[in-house]
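Visitor: Once you know that position 63 of the sequence shown is 63 in the UniProt record's numbering, the rest is easy, because the numbers rise by one and skip nothing.
Note that CB positions come from ideal geometry on N, CA and C, so glycine has one too.
Owing to the predicted nature of the structure, the values given are computational and were not obtained by experimental measurement.
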Amino acid sequence: MCGFFGIIFDKEMKGMGDILIQAGVRLSYRGYDSTGVCVLKKNNTYSLKKDAGSVEKVSQKYNFHGMSGYK
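1. In terms of DSSP beta bridges, what is Gly-24 paired with?
2. For Asp-10, which three-state DSSP category applies?
3. Taking 7 Å as the limit between beta carbons, can you name the residues of its chain near Tyr-46, skipping five residues before and five after?
4. Would you list the one or two residues that DSSP bridges to Tyr-46?
5. Skipping 5 residues on each side, what residues in its chain have a beta carbon closer than 7 Å to that of Ile-19?
6. Run through the DSSP bridge pairs and tell me what Gly-69 is partnered with.
This is the structure:
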């Protein structure tokens, strides 16, 4: 099983990583084998972080807490 979600803000959100982690943890009951996050930036670039493992493990490895962006 898997779960997907999306979040869109009208301005840049500095704490976006924490919100994404919370949402990912809430989907963990569906099972997991990998976790990933893609954040769109103001200049139309993106930051993609993904790896095998739980939300907690991957978020620590790639510092999801420090992520910011719009979408």
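Guide: Concretely, from the data shown:
1. Gly-24 is not bridged to any residue.
2. Note: Asp-10 maps to coil in three-state DSSP.
3. Excluding its 5 nearest sequence neighbours in each direction, Tyr-46 has C-beta neighbours in its own chain below 7 Å: Cys-38, Val-39 and Leu-40, listed in chain order.
4. As DSSP reads the structure, Tyr-46 sits in a beta bridge with Leu-40.
5. The beta carbon of Ile-19 lies closer than 7 Å to those of Ile-7 in the same chain, with the five residues before and after it left out.
6. Met-13.
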